[in-house]
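Peer 1: Below are the structure tokens for one structure; questions will follow.
Protein chains: 2
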Amino acid sequence: MSTSTPANTPLTYDQAGVNYDLIDPLKVSAQRAAASTATQLGVHGFNEVKASRGESAYVVDVGPFYMASIVECLGTKTLVADEMAQLTGQSFYGAIAQDTIAMAVNDLITVGATPLVVQAYWAAGGSDWFGNAPRAQALVAGWKAACETCGVAWGGGETPALAGIVENDRIDLAASCTGLINPKSRLSVGDQLAPGDAIVLLAASGIHANGLSLARKLAERLENGYLTEIEPGLSYGAALLAPTPLYSPVTEALYKSGLTVHYSANITGHGWRKLLRHPGELTYRIKTVPPVPAVLRFMQKECHLDDREAYSTLNMGAGFALFVPPEQAAEVVKVAQGCGIQAWHAGQVEAGAKRLFIEPLGIEFSDADLQLR
Amino acid sequence: MSTSTPANTPLTYDQAGVNYDLIDPLKVSAQRAAASTATQLGVHGFNEVKASRGESAYVVDVGPFYMASIVECLGTKTLVADEMAQLTGQSFYGAIAQDTIAMAVNDLITVGATPLVVQAYWAAGGSDWFGNAPRAQALVAGWKAACETCGVAWGGGETPALAGIVENDRIDLAASCTGLINPKSRLSVGDQLAPGDAIVLLAASGIHANGLSLARKLAERLENGYLTEIEPGLSYGAALLAPTPLYSPVTEALYKSGLTVHYSANITGHGWRKLLRHPGELTYRIKTVPPVPAVLRFMQKECHLDDREAYSTLNMGAGFALFVPPEQAAEVVKVAQGCGIQAWHAGQVEAGAKRLFIEPLGIEFSDADLQLR
């Protein structure tokens, strides 16, 4: 790869500064240590749902129902909001709040949980962060609105000022979420997924909160940076800041409609490779790809990513995947649309080697492309 | 206050860089917005325990039991660990892990909950942080050991690399914790506290994780900084890094022994003023003060804090307060000691104006000294 023609070279995730080789050994040893603590629950008469280890949320059997919990970080999307605030004078922290809650809630629902309580974790670089009232109030209002959309109670949280740890005038945002799987038959940790299941994809609104390092790197390359128009009247920066959809109204509506979800995957980091999340040997065949949001089309083109790279990094228009009984697929699509979320019966699960075929694009991913567990 | 004689002037918390005036308006509006979301639980057939708003953990009535949840930040104690690592070559991240879990668990138990699941939130300034294997492994091992001490399962967590938000080679540590109050009679959100209750104080091990900004500021003033000997063979830095005790084994043992806790307070920020946490009009009379850990004695002397300032900022040897029926106080002390935690029947609750009298020191605090809610 040439360093002398940066504007024409592909921009990859490694170049964008995240080195998974350094994080992963720690992750593996942490996962092993964490798994070994499960026996502690026995002291209290409870036990973990072992299959939830490696899934997006941790599940404990507490008797009458299962309890699921999670903590999730927003990532670096605030850096885009901060730069856009400087460029436009607008605060995007209402959208940022929704993104943060979406990271937690959209993961929690994958195991079949109804989210009940969200806690806010807002760690600022100094007390000054909270002194900017319009920004702080946008964060509060957006957080509240997102909780209401998800039907969760905002329990409380932490607003530490961490000068020396968090950079000056920056904020590290995260959310924890606790929910219940009730009735217990809603538990979805993989055992129900089977050949024949339909794959329903729920629409993404844009980049969500994954791929932001790449997005920021690209902004540095663009002559007009975040103000580059990607569509008439829509800047790159504003498009990046479209808030992540909250998918829990869909999963709750599906349950209320008597529909069954065999498995689900929140499409975040690793893009469409997340469709291979389930540990079993199954083939996933996609026949319909959702339209790609303008901001992701723009990124793919400007970063010179081929389809394979783009779909392995970005959500490319699919924010969440539901694996459902084939005869229910049409109804699942309808219920999602009734919640205001576009959806597609996009493909099916088949017996066979662990592969994802995105047929309209001629892309194939195998297990080797995704080592999440 | 003179700025020309810094070594002899008192060092206060405001000077140490935390400005609560800037944080508090945001906190108030966030608390108001959060409270308004409680009605969301009704959609799911549940409701909040309203008295838990303003307490240290949020509680929801889910039918057969109450569910409590929390997210808590460690704060800036890692900055001391990082500097001590440079000075001594030792890693203190095992102790730091316990501190982080203590922040969450010791708050969660105040409402009567049994902690069940902890999630790790480790947000580093870059992937490099995780590349330092001894440090990362100390964090993992300490986290696991603390979970085992508390009888909680480590569910999982997040290890984001947040270059541009978290400072290079720093880490922002937090923990979320979910637990159950089971049986429901263990709920302790203030309604049982009454005149005549005994106050039992549990021993602190040192500074815990509150007052660290002040402690760091003091280190800058000391000729030998963190290596200053405060006792033969014990440096100021090492003493600061004594891990916070985990008090949940005590609260679990009290329940198993058939003892009743009417109310409790985790003594963190605001020091002993936390004894005034309960919203009611009651007088708290302390007749016995625990011995002050060497590191806090040292800080009080070197920061030129009078007793009133010291007890209003630091824990001064009391890490947790239990308010119990007077006839059970001696047994409560015994059970705590059986868990390896020193304890004292230190005083009593009386009818009267909202005041805390620390009689041996002639100190009085009133409601005006503590505005936490």
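Chains as they are written, first to last, in this note's numbering: chain D, 17 to 389; chain F, 17 to 389. Built from N, CA and C at the ideal position, the CB exists for glycine as well.
Classify Lys317(F) as buried or exposed, calling it buried when 16 or more other Cβ atoms lie within 10 Å of its own Cβ.
Peer 2: By the 10 Å Cβ count, Lys317(F) comes out exposed.
Peer 1: For Gln358(F), does the three-state DSSP call read helix, strand or coil?
Peer 2: coil
Peer 1: Quick check on this structure: which residue in Cys193(D), Val127(D), Ala179(D), Gly354(D) has the alpha carbon closest to the alpha carbon of Ser280(D)?
Peer 2: Val127(D)
Peer 1: May I ask you to report which of helix, strand or coil DSSP gives Gly287(D)?
Peer 2: In the structure shown, Gly287(D) sits in a helix (DSSP, three-state: H, G or I).
Peer 1: If you follow the beta strand (DSSP E) that Tyr109(D) is in, where does it begin and where does it stop?
Peer 2: Where Tyr109(D) is concerned, there is no enclosing beta strand (DSSP E), although the alpha helix (DSSP H) it sits in stretches over 109–124.
Peer 1: Can you tell me where the alpha helix (DSSP H) with Val133(F) in it begins and where it stops?
Peer 2: Note, Val133(F): premise wrong, no alpha helix (DSSP H); beta strand (DSSP E) at 130–140.
Peer 1: Measure how close the beta-carbons of Ala231(F) and Met119(F) come, nearest whole angstrom, since I'm counting them as under 8 angstroms.
Peer 2: Not quite, the Cβ-Cβ distance comes to about 16 angstroms (not below 8 angstroms), so this is no contact.
Peer 1: State the CB to CB distance for the pair Val65(D) and Gly253(D), rounded to an integer number of angstroms; the pair is presumed to be in contact (CB under 8 angstroms).
Peer 2: With a Cβ gap of about 41 angstroms, Val65(D) and Gly253(D) do not count as contacting.
Peer 1: Looking at the strands, I want to know which residues DSSP matches up with Glu88(F).
Peer 2: Ala191(F)
Peer 1: Are there 16 or more other CB atoms within 10 angstroms of the CB of Pro376(F), so buried, or fewer, so exposed?
Peer 2: exposed
Peer 1: So, for Ala152(F): in the same chain, excluding its five sequence neighbours on each side, which residues have a beta-carbon less than 6 angstroms away from its beta-carbon?
Peer 2: Within the same chain, Ala152(F) has close Cβ partners Phe146.
Peer 1: Would DSSP call Glu268(D) helix, strand or coil?
Peer 2: helix
Peer 1: Grab the span of the beta strand (DSSP E) containing Ser68(F) for me, first residue to last.
Peer 2: Under the DSSP assignment, Ser68(F) falls outside any beta strand (DSSP E); it carries neither an H nor an E label.
Peer 1: What residue does the alpha helix (DSSP H) around Asp144(D) start on, and which one ends it?
Peer 2: 144–147
Peer 1: Tell me which residues share the same chain as Ala23(D) and place their Cβ nearer than 7 angstroms to its Cβ, disregarding the 5 neighbours each side in the sequence.
Peer 2: Interpretation of Ala23(D) is limited by its pLDDT of 44, a score under 50 that renders its predicted location unreliable; the figure taken from the coordinates is listed afterwards. So the qualifying residues of the chain are Arg237.
Peer 1: Closer than 8 angstroms, CB to CB, is Ile223(F) near chain D or not?
Peer 2: no
Peer 1: Just the C-alpha distance for Asn198(F) and Ala50(D), rounded to the nearest angstrom, thanks.
Peer 2: 24 angstroms
Peer 1: I need the straight-line Cα distance from Ala337(D) to Met83(F), nearest angstrom please.
Peer 2: 30 angstroms
Peer 1: Considering only residues of the segment 222–246 of chain D, which uninterrupted alpha helix (DSSP H) runs meet the minimum length of 4 residues and lie entirely inside it, listed in chain order?
Peer 2: If one requires a minimum length of 4 residues, the alpha helix (DSSP H) runs lying completely within the segment 222–246 of chain D are 228–237, in chain order.
Peer 1: Output, in chain order, the set of chain D residues within a Cβ distance shorter than 7 angstroms of Glu64(F).
Peer 2: Ala169
Peer 1: Compare the C-beta of Phe146(D) with all C-beta atoms of chain F and state if any pair is closer than 8 angstroms.
Peer 2: yes
Peer 1: I need the boundaries of the beta strand (DSSP E) containing Asp77(F), first residue and last residue.
Peer 2: Start and end: 74–77.
Peer 1: Could you check whether the segment 298–318 of chain D touches the segment 197–217 of chain D, counting it as contact only if at least three pairs of C-beta atoms, one from each stretch, sit closer than 8 angstroms?
Peer 2: yes
Peer 1: Terminal residues of the continuous beta strand (DSSP E) containing Leu217(D)?
Peer 2: Looking at the DSSP string, the run of the beta strand (DSSP E) that includes Leu217(D) is 214–219.
Peer 1: Just to confirm my understanding: we take Lys257(F), look at its own chain, exclude 5 residues before and 5 after, and list those with CB closer than 7 angstroms. What are they?
Peer 2: What sits at residue 257(F) in the sequence shown is Leu, not Lys. So the qualifying residues of the chain are Val96, Ala97, Met100, Phe108, Ala111.
Peer 1: Would Lys272(D) count as contacting chain F if we go by Cβ distances under 8 angstroms?
Peer 2: When Cβ-Cβ separations below 8 angstroms define contact, Lys272(D) makes no contact with chain F.
Peer 1: Let me confirm a value: Asn184(D) is counted as buried when at least 16 other C-beta atoms fall within 10 Å, else exposed. Which label applies?
Peer 2: exposed
Peer 1: Interface residues of chain F around Ile86(D) at Cβ under 7 angstroms?
Peer 2: Gln135
Peer 1: Listing by chain order, which chain F residues have their CB less than 8 angstroms from the CB of Ile125(D)?
Peer 2: Near Ile125(D) there are no residues of chain F at all, since even the closest Cβ is about 13 angstroms away, more than 8 angstroms.
Peer 1: In or out: Ile379(D) buried (at least 16 other Cβ within 10 Å) or exposed?
Peer 2: buried
Peer 1: I'd like to check one pair, Cys166(F) with Leu292(F): are the Cβ atoms closer than 8 angstroms?
Peer 2: no
Peer 1: Report the rounded CA-to-CA distance for Phe373(F) versus Val308(F), giving the unit in angstroms.
Peer 2: Distance between the alpha carbons of Phe373(F) and Val308(F) is about 18 angstroms.
Peer 1: Using three-state DSSP, classify Gly58(D) as helix, strand or coil.
Peer 2: In the structure shown, Gly58(D) adopts helical secondary structure according to DSSP, grouped into three states.
Peer 1: Roughly how many angstroms separate the alpha carbons of Pro176(F) and Gly249(F), rounded to a whole number?
Peer 2: 38 angstroms
Peer 1: Does Ser273(D) pass the burial test, meaning 16 or more other C-beta atoms within 10 Å, or should it be called exposed?
Peer 2: exposed
Peer 1: When you compare the CB of His320(F) with every CB in chain D, is at least one pair closer than 8 angstroms?
Peer 2: no
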